[in-house]
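Per the working numbering, the sequence shown starts with residue 4, numbered consecutively. Report on one structure; see the data block that follows.
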Amino acid sequence: MTDLTPFSIVSPTSSPNFDTLDQSFMYMQLLKEIIFDMKYDHNVRQEFTDFYLKSFFDQDFQSKALRQFEQCYELHSPIWWYTKEHFIYSTLNKALRIQDSETITKMGFFI
């Protein structure tokens with residue numbers, strides 16, 4: 004017979020404080036609002052590709068995919084590019100994970 008004594012790590016008298024939010028959550032909420040409110044022009048893809056090449060210059064194998072993205076972006080939906088090209092998926096996910104605001108704002112047109 005197994006002894007299944009209930010226990011709790013949290014004190015029964017404590018209650019969560021919903022008035023305070025984690026700083027990273029607030030930061031990401033503000034960044035999300037900024038990205039959605041930004042106006043993007045026709046040069047935004049060129050700016051992103053230039054930024055990508057400068058920031059990730061050691062990844063030459065991605066340059067062909069990056070040029071294809073730059074030249075043929077309108078032919079496909081953003082979700083198609085996200086699932087097809089590894090550099091978009093990995094760059095965006097890493098930027099969101101480490102909260103890299105510069106990369107996130109450069110990719111704002113894509114988001």
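Just so it is clear, CB atoms sit at the ideal spot from N, CA and C, and this is done for glycine as well. Computed from a prediction, not measured in an experiment: that's the story for all the values here.
Bounds of the alpha helix (DSSP H) holding M31 are 26-40.
When secondary structure is reduced to three states using DSSP, I114 falls in the coil class, being assigned neither helix nor strand.
In the DSSP assignment, D103 falls outside any alpha helix (DSSP H) and carries neither an H nor an E.
Counting along the chain, Y55 sits inside the alpha helix (DSSP H) bounded by residues 47-58. If you draw a 10 Å sphere on the C-beta of T86, you find fewer than 16 other C-beta atoms in it, and that means exposed. The C-beta separation of L56 from L69 comes to about 7 Å, placing the pair in contact by the 8 Å criterion. In this structure, DSSP gives H89 a helical state, which the three-state scheme calls helix. In the DSSP annotation of this structure, the continuous segment of the alpha helix (DSSP H) that includes E73 starts and ends at 66-75.
A direct Cα-to-Cα measurement between S58 and A98 gives close to 12 Å.
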